[in-house]
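Q: This structure is in structure tokens; I'll ask about it shortly.
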Amino acid sequence: MVLMGFAVSVFLFCLGLFTVLTRRSAFKTVIGLMLMESGVLLLFVSWAYIPGGGPPILPLQGTGVDPLPHALTLTAIVIGACDIALAFAFIMKLERFEKSVDVDRFRRLRG
Amino acid sequence: MLTASGGSGVSAMWVLSSILIPMTAAFVLQVLDYSAPERMGRWIALSAAAACAASLGAAAVSWTGMETLRLGGWSPGLGIVLAADRMSAIFLVISAVGGAASARIALFPFSKEQRRFSGLFFILWASLNGILTTGDLFNLYVFFEILAVCAYVLAGAAMTREALEAGFKYLVLGTVGALFLLMGVGLLYMGTGTLNLALLSRAAGAMAPGALGAAAACIVTGLGLKIGMFPFHFWLPDAHSSASTGVSMILSGVVVKASFYALLRIVFLLFPSVPDRFSVPDALLVLGVLSLVTGHLSALGQFDVKRMLAWSTVAHMGYLLIGAGCASPLGIAGALLHALNHGTGKMGLFLGAGSYASLAGNRDWRTFGSLGSRFPLETAAYALLAGSVAGIPPLAGFWSKWMIICAAAEKGAWIAALAAGAGTVLSCLYYVPFFYSLYGHSEADTDTSGPGTPFPSGMLLTVLGASAVLFALLYLVPGLRDQFLSAGSLIKDPEIYRQSVRAPIAP
Amino acid sequence: MNVSLLAVLYLFIAVTALVAVLLEDLLSAFITLSFTGVLMATVFALLRAPDVALTQAIINSGLVTSLLLVAYSQTRKTPHPPEVCDECPSWLQVKVPAFVCSVLGLLLFRGLYSLAGERSLPEASAHYLARTLEETGALNVVGALLLDYRAFDTLGETTVIFAAVSGVSILLSGGRRVQSGHGLSYIVKRGMALLTPFILLYAASILFLGHLTPGGGFPGGSVFATVAILMCVVYGTGFEASRISSKSKEILEAGGAILFVLVGLLGIAWGAGFLSNLPAPFSAGTPGSLLSAGNMPLLNIAVGLKVGAGLSSIFYAMIKILELEDD
Amino acid sequence: MILDVLRFTGGICIAAGVFFSFAAVVAILRFPDVFTRLHGSSKALSGGAILILLGALPYTGTVSGAMKLVLIAAFFLVSNPMASHAIARAARKRGKEENGQ
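Chains as they are written, first to last, in this note's numbering: chain A, 11 to 121; chain B, 92 to 598; chain C, 42 to 368; chain D, 28 to 128.
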């Protein structure tokens, strides 16, 4: 079952990377980044699960799951949201200049 | 009982204050802006001075020995530890000098629009010091994200179309890099159950080889994206050349160096070179040669002076990677020294490029004509800086390059040694025409400034130019060179760093 | 733990993510993506990660989606480009990236596969589970990790938010806010008036009880930001801005960060080190009560202030109509 | 004994709720325009969700848990019609604008 989580998170990560590499709309690029992030988050949380473990809230009945990846994931979620908000700000500002959200047109700087 | 042992002495507080002072300055400046807007310029100057002093203080205390500080009093296995050694000290000096110099250019004279900008600048500085002193892998990722968010905005804040495009590219690639880094951090945590670098270093050897390899690939890719390593270099010239002068200075002089520090630290702690097998440092060596060649060749065709300098930064990251890839104390010491020389040198070059561009009214160096003869002193300083970065013999840059070449030859990597030597020739091929046109042999003279205009920030440029000569002493004085060599061997065999953590979990 | 339910959810996550990438229509892609986010939150809850589930649901599928929609509606007048480049050869556009991504996927999965196996708690995590109450006074172990064991990370994280808010307002400066005083209809306004106190109560409860139950400064502050966004949608853009000006938001935000640093410095003042909790004489209190776990409630408030004010500032900066001088 | 009866009733409620939700999905897929789809989805969804919540009541075991479910149901009762109303008005406004052009 933990393998299932790994497989899905690797799939999300690679799908996100593929989207970033191939899609032309800047919004799709951001969607790709969000998917990559989701992949990493899912990896952390599915790793943290231990069969039979309860949520890391005291008092525990029996054993608990690993709390440290949860804390790391929380941090990563908030940081990811900040990155994405900034990406939107860039897209909105660029769109005013370029009248387009086509990343192929954001490639005037070359060489 | 509690596993708290408290802060360990006053000297370690310097390390903490190098992060906290600039960070708090950013927060306080935001509030002060409403209560005392007319005094902002003075407050910013004060904060910059304090941040510079704190960074230098941290460098001074960590130069002599390993400084560790347990944050919140938690033992290393449980909480976050700051750990700074001699390598951190060298980079902290770069951060202090670079931060102060580019604050001088980027934040002054202060205008109302710059208030948020100044906040971001100080946060950037804090995160640089954080990267250089943290001893925790996830904390390193957090500081990288702070650094990245500030750097994207500062690169785009010039608000021209090119700057915004460069900022967006930087953001997308930087975020991809950060996610690769996070993936690598996750893999390492899964394999070892700890995030403390020293503990990881002890435990990483026992990880499953497949997982360790994947983690190494992820981390090298992530940090490679941040330092502009060869296949991931294409954002760097855009971001470093479209930003304003002060921002270009800190991006090219300090930010990529801090990322390089993280790469050096992680690689030698976690993925050390294995004899007779292709290991991570060997990969760095190959990628370094490729970066060097790409950077120099691309710089050749550039007429935009800042773009030329930015491509040269890609090439010089290649030198640093070659030095690290040699995996010998000599090579690493060369890389450290070269980071210092290139940091100050490239900052001076960007500073002067900005001044020439503002005098000439554009950034095409073919139109700079006669500026050289109008400002002989500044241009002489500029020539010293360019010579040092290119690696002309008596200047500082030559000696660090020489160490790297020697290390490559010692390792038997003749192609790397040859490429590093050829790099000097290639640099001359683009610096010589530049100076030729600067001394009045240009095709068109479009000097738009009046005859009485002084050279912008000429004083700072002269000081940096002098450093290009003085830093040669770091190699030529045997005592100082031995210090660098010892720093190199400390990184190559990080036994002291590993032993800095004695009680992983128990008090 | 229901394995088949989890399998179905995983399948749906993969499918919705794929659909979000393949859909031509951006708006549909966003909605599909937010559905992926909700499914992920469900999976997190099933995997016994309530804190993460809460934050994922509020931030990733709530706030980020609303920011997506704002950015989309601000740029919807421009034609959206075709999916992939037509002129470029397909091997460069699709095949090479696909190959690179699959190789990467295989490499990663091989690495992960070698790690999967008999799973036991790492030493440090076992320590957190066993001794959090004794060492920090908190009941929520994740909260204790965020605000005590690894509080320095949280300081860094709030700094990221600070930087992002500054960045968004630098990039989007020069815009002007369109004052629409109308908002939605009477029914929605009344309904919103009925619901708002409860939403605020909810936000306050997950904020203040962060050391006892799942939640804490990040989700709590984000719910406060959500209220600001809802107000803006329901009552028109001028309503919330006239009550809490952007200036006071900025001061609240910086104040939260300064409070965090000050609490940390108190630890040094007591000679116990930066961000110390119980070793610096903060009182542990009675386990399970509101004022327990030393400085954690204070830090929660600091983080909540910062996140709430910061994320709503980002939203308000983004809904301004951007104008260029030469337009 | 009483609990068993309650649980059985709860099961029936959940089954009915699932049916209603399924009907909502069919409505969204099959109906021709915004208003009919909205009609189908909002009616069936509030009915379906509330039935499922009520059906889950006997399975909670604690009073506080049951109270939470009731609160969630009340929330649905307020928010779902409100949202549908707002969507319908927006759709009508958009339709008017398009006709007016």
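The beta-carbon is built from N, C-alpha and C at its ideal position, and this holds for glycine as well.
Quick one: grab the DSSP three-state call for residue 161 of chain B.
A: strand
Q: Can you pull the chain C neighbours of residue 223 of chain B, defined as C-beta to C-beta under 7 Å?
A: The premise fails here: residue 223 of chain B is roughly 14 Å from chain C at the closest Cβ pair, so nothing lies under 7 Å.
Q: Would you mind giving the Cβ-Cβ distance between residue 244 of chain B and residue 104 of chain A, rounded to the nearest angstrom? I have them listed as a contact below 8 Å.
A: The Cβ separation is near 14 Å, so there is no contact.
Q: At the 8 Å Cβ level, is residue 256 of chain C part of the contact set with chain D, yes or no?
A: no
Q: I'd like the list of long-range same chain contacts for residue 500 of chain B, defined as Cβ closer than 8 Å, with 5 residues on each side in sequence excluded.
A: 508
Q: Which chain C residues are close to residue 241 of chain B, counting only those with a beta carbon under 7 Å from its beta carbon?
A: 204
Q: At the 8 Å Cβ level, is residue 208 of chain B part of the contact set with chain C, yes or no?
A: yes
Q: What first and last residue would you give for the beta strand (DSSP E) that runs through residue 175 of chain B?
A: 172-175
Q: Could you check how far apart the C-beta atoms of residue 582 of chain B and residue 359 of chain B are, in whole angstroms? I think they sit under 8 Å.
A: 5 Å
Q: With 8 Å as the threshold, decide whether the Cβ of residue 161 of chain B is near any Cβ in chain C.
A: yes
Q: If contacts are defined as beta-carbon pairs under 8 Å, then residue 350 of chain C and residue 290 of chain C qualify, I think. What distance do you get, rounded to the angstrom?
A: 5 Å
Q: Counting Cβ pairs closer than 8 Å, one from the region 174-190 of chain B and one from the region 308-323 of chain B, do we hit at least three?
A: no
Q: Could you pull out every residue in the same chain whose Cβ sits closer than 6 Å to the Cβ of residue 364 of chain C, ignoring the five residues on either side in sequence?
A: With a pLDDT of 48 at residue 364 of chain C, under the threshold of 50, the predicted position of this residue should be treated as unreliable, and no value is reported.
Q: If you draw a straight line from the alpha carbon of residue 238 of chain C to that of residue 375 of chain B, how long is it in whole angstroms?
A: 58 Å
Q: Please list the terminal residues of the continuous alpha helix (DSSP H) segment that includes residue 407 of chain B.
A: 396-416
Q: Can you tell me which of C:248, C:327, C:189, C:166 puts its alpha carbon nearest to the alpha carbon of residue 58 of chain A?
A: C:166
Q: Per DSSP, which residues does residue 76 of chain A bridge with? Please list them.
A: Per DSSP, none; premise fails for residue 76 of chain A.
Q: Does the beta-carbon of residue 101 of chain D have 16 or more other beta-carbons within 10 angstroms, so that it is buried, or is it exposed?
A: When all chains shown are included, residue 101 of chain D counts as exposed.
Q: Please go through the same chain and pick out, in chain order, the residues whose beta-carbon is closer than 6 Å to the beta-carbon of residue 241 of chain B, but skip the five residues on each side of it.
A: 211, 214, 215
Q: Name the chain A residues whose beta carbon is nearer than 9 Å to that of residue 66 of chain C?
A: The premise fails here: residue 66 of chain C is roughly 11 Å from chain A at the closest Cβ pair, so nothing lies under 9 Å.
Q: For the structure I just gave you, are there three or more beta carbon pairs, one from the region 416-432 of chain B and one from the region 484-492 of chain B, closer than 8 Å?
A: yes
Q: Quick check on DSSP: helix, strand or coil for residue 584 of chain B?
A: coil
Q: Suppose only complete runs of 4+ residues qualify. What are the alpha helix (DSSP H) ranges in the region 110-160 of chain B, listed by chain order?
A: 131-155
Q: Using the beta-carbon count (16 or more within 10 Å), is residue 156 of chain B buried or exposed?
A: exposed
Q: Rounding to the nearest angstrom, what Cα-Cα distance links residue 360 of chain C and residue 299 of chain C in this structure?
A: 28 Å
Q: CA-CA distance, residue 230 of chain B and residue 193 of chain C?
A: 8 Å
Q: Taking the alpha carbon of residue 107 of chain C as the point to measure from, which residue in C:71, C:138, C:88 has its own alpha carbon closest?
A: C:71
Q: In angstroms, rounded to a whole number, what distance separates the CA positions of residue 573 of chain B and residue 567 of chain B?
A: 10 Å
Q: Should residue 50 of chain C be counted as a contact of the ligand NAD given a C-beta to heavy atom distance under 7 Å?
A: As for the ligand NAD, it is missing from this structure, which has no ligand bound.
Q: Assign residue 63 of chain D to one of two classes, buried (16 or more other C-beta atoms within 10 Å of its C-beta) or exposed (fewer than that).
A: exposed
Q: When the Cα atoms are used, what is the spatial distance from residue 458 of chain B to residue 119 of chain C?
A: 38 Å
Q: Just curious, the alpha helix (DSSP H) that residue 14 of chain A is in, first and last residue?
A: Element bounds for residue 14 of chain A: 12-32.
Q: Please name the residue in C:185, C:97, C:53 whose C-alpha comes closest to that of residue 339 of chain C.
A: C:185
Q: Tell me the start and end of each unbroken beta strand (DSSP E) in the region 194-234 of chain B that is at least 3 residues and wholly inside, in chain order.
A: Entirely contained in the region 194-234 of chain B, not one beta strand (DSSP E) run reaches 3 residues.
Q: From residue 269 of chain B to residue 151 of chain C, what distance separates their C-alpha atoms?
A: 21 Å
Q: Taking residue 193 of chain C as the query, report the chain A residues whose CB atoms sit under 7 Å from its CB, ordered along the chain.
A: Here the premise fails: no neighbours, minimum Cβ distance about 11 Å.
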